[in-house]
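Counting along the sequence shown from 1, when you hit position 3 you're at -2 in our numbering, and nothing is skipped either side.
C-beta: ideal position from N, C-alpha, C; glycine also.
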Amino acid sequence: MAKRKTPTTSKVTRATTTAPMRVQRKPADTVASEDIARLAYEKFVARGCEHGHDVADWLAAEAELSR
-4 MAKRKTPTTS
6 KVTRATTTAP
16 MRVQRKPADT
26 VASEDIARLA
36 YEKFVARGCE
46 HGHDVADWLA
56 AEAELSR
């Protein structure tokens, strides 16, 4: 018995579109972490580069800049 030849079908490809990416913007009153880090570093240097107060410096800088 002869084998039946199955017809070949071409694959149908769909054009996919990606949704545009949403850019989340920070509110205008939000302080950039780079600015906080810069001021915290200045506080660190002003104290004589004494280690162990990084969190306190960060929080103080954050509070100072958010006023």
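- E59 sits in a helix when the DSSP states are folded into three classes.
- Assignment of V40 by DSSP, reduced to helix, strand and coil, places it in the helix class.
- With fewer than 16 neighbouring CB atoms inside 10 Å of its own CB, D49 falls in the exposed class.
- In the three-state reduction of the DSSP assignment, E45 falls in the coil class.
- Around the Cβ of A35, a 10 Å sphere holds 16 or more other Cβ atoms; the residue is buried.
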